[in-house]
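Heads up, the final residue of the sequence shown is numbered 253 in the numbering used here, and it's a clean run with no missing numbers.
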Amino acid sequence: MPEPRIALATTRDLEVLDADEESLLAHLPQADVVAWEEDVDWGGYAAVILRSTWNYTEHLDDFLAWLERVDAVTRLWNPLPVLRWNTDKRYLADAAAAGIPTVPTVFVEPGEQAPADALAGRVVVKPTVGAGSKGAKLFHDDPAGATEHVAALHAMGKVAMIQPYLDQVDDQGETALVYIGGEFSHAARKAAILSRDMSWSTGIYADEKVVAPQATPPNGGPATAILTTLPRTAPGSATLPYER
Numbered sequence: 010m011p012e013p014r015i016a017l018a019t020t021r022d023l024e025v026l027d028a029d030e031e032s033l034l035a036h037l038p039q040a041d042v043v044a045w046e047e048d049v050d051w052g053g054y055a056a057v058i059l060r061s062t063w064n065y066t067e068h069l070d071d072f073l074a075w076l077e078r079v080d081a082v083t084r085l086w087n088p089l090p091v092l093r094w095n096t097d098k099r100y101l102a103d104a105a106a107a108g109i110p111t112v113p114t115v116f117v118e119p120g121e122q123a124p125a126d127a128l129a130g131r132v133v134v135k136p137t138v139g140a141g142s143k144g145a146k147l148f149h150d151d152p153a154g155a156t157e158h159v160a161a162l163h164a165m166g167k168v169a170m171i172q173p174y175l176d177q178v179d180d181q182g183e184t185a186l187v188y189i190g191g192e193f194s195h196a197a198r199k200a201a202i203l204s205r206d207m208s209w210s211t212g213i214y215a216d217e218k219v220v221a222p223q224a225t226p227p228n229g230g231p232a233t234a235i236l237t238t239l240p241r242t243a244p245g246s247a248t249l250p251y252e253r
């Protein structure tokens, strides 16, 4: 009997594979890299794992419909309810309501005006549906510029979100903790992007510098709070193959 195949979902908009996908393929000879836009027999795969479907942000309805089709014929990792919930950063409101530490965030729907106090100081304005800092801009004491960007996002039919910029990102970057099957696996640190005037990339995501720092399994703190609370916050998240 042939060995079951696994699909690593990407997008045909990517000219080259992400570096971590190349490493993953070296350890998964039974895996195929397949663009989510392609018309293939997804049911022929034992599982479909989302990897680099970065352009979903510009094709959200089609992407969600594709997720539903795949979920109907094979295993989808992560589960469909979690993926659907995670596509829109308004999930931060759910997380905050559940007591998970989050960056204070103001969401501004099309047709609404941003509160003046949310635009003061050093703030980031970006769409709630976005990836890789695409569509994000940093403003320094520039309420007019921030308001203009909110309006630009609204003109594209997007919901805007406003957050205070965390100064420590400039020095420390952002560190993601990766868990596989509920167990800590590794960490990845992303350097600051918006402070380097890379806030409006024309690609499907902004160029990023990512390194693998040495990390030990967190004991307590925000990561533990998220892992403990997530099953009560995100639908279908009791057991996840992958968490970050």
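The beta-carbon is built from N, C-alpha and C at its ideal position, and this holds for glycine as well.
Query                                                                                                                                                                : Result
Determine the closest residue to Gly-191 out of Leu-89, Pro-250, Asp-126, with distance taken between C-alpha atoms.                                                 : Pro-250
In whole angstroms, what separates the C-alpha of Ala-185 from that of Arg-253?                                                                                      : 6 Å
Which full runs of the beta strand (DSSP E) of 3+ residues lie inside the stretch 117 to 176, going along the chain?                                                 : 131 to 136, 146 to 149, 169 to 173
Compute the beta-carbon to beta-carbon distance between Thr-62 and Ala-16, rounded to the nearest angstrom, for a pair I have assumed lies under 8 Å.                : Going by Cβ atoms, the distance from Thr-62 to Ala-16 rounds to 11 Å, so no, they are not a contact pair.
Hey, is the stretch 102 to 111 in contact with the stretch 129 to 144, meaning 3+ C-beta pairs nearer than 8 Å?                                                      : no
Would you check whether the ligand MN has a heavy atom nearer than 6 Å to the C-beta of Tyr-174?                                                                     : For the structure depicted, the ligand MN is absent and the ligand set is empty, with no information on it obtainable.
Within 10 angstroms of its Cβ, does Ser-32 collect 16 or more other Cβ (buried), or is it exposed?                                                                   : exposed
Would you grab the beta carbon distance between Val-112 and Ile-171 for me? Rounded to a whole angstrom, and I think it's under 8 Å.                                 : No, Val-112 and Ile-171 are not in contact; Cβ-Cβ is about 10 Å, not under 8 Å.
Compare the beta carbon distance of Val-91 and Leu-85 with 7 Å and say whether it is the shorter of the two.                                                         : no
Given a cut-off of 7 Å on the beta-carbon distance, is the pair Gly-154 and Thr-66 in contact?                                                                       : no
Check whether the Cβ atoms of Ala-201 and Asp-179 lie closer than 7 Å to each other.                                                                                 : yes
Which complete beta strand (DSSP E) runs does the stretch 23 to 75 hold, if anything under 3 residues is left out?                                                   : 40 to 44, 56 to 59
What are the start and end residues of each continuous alpha helix (DSSP H) run of 4 or more residues lying completely inside the stretch 71 to 115, in chain order? : 89 to 95, 100 to 106
Using CA atoms only, rank isn't needed, just tell me which of Leu-73, Asn-95, Asp-41 is closest to Tyr-54.                                                           : Asp-41
On the CB-based measure, 16 or more other CB atoms within 10 Å of its CB, does His-149 come out buried or exposed?                                                   : exposed
So, for Leu-239: in the same chain, excluding its five sequence neighbours on each side, which residues have a beta-carbon less than 6 Å away from its beta-carbon?  : Ser-246
Across which residues does DSSP place Thr-19 in a beta bridge pair?                                                                                                  : Ala-44
Go through its chain and collect everything with a Cβ distance to Trp-75's Cβ below 7 Å, but skip five positions before and after it.                                : Trp-45
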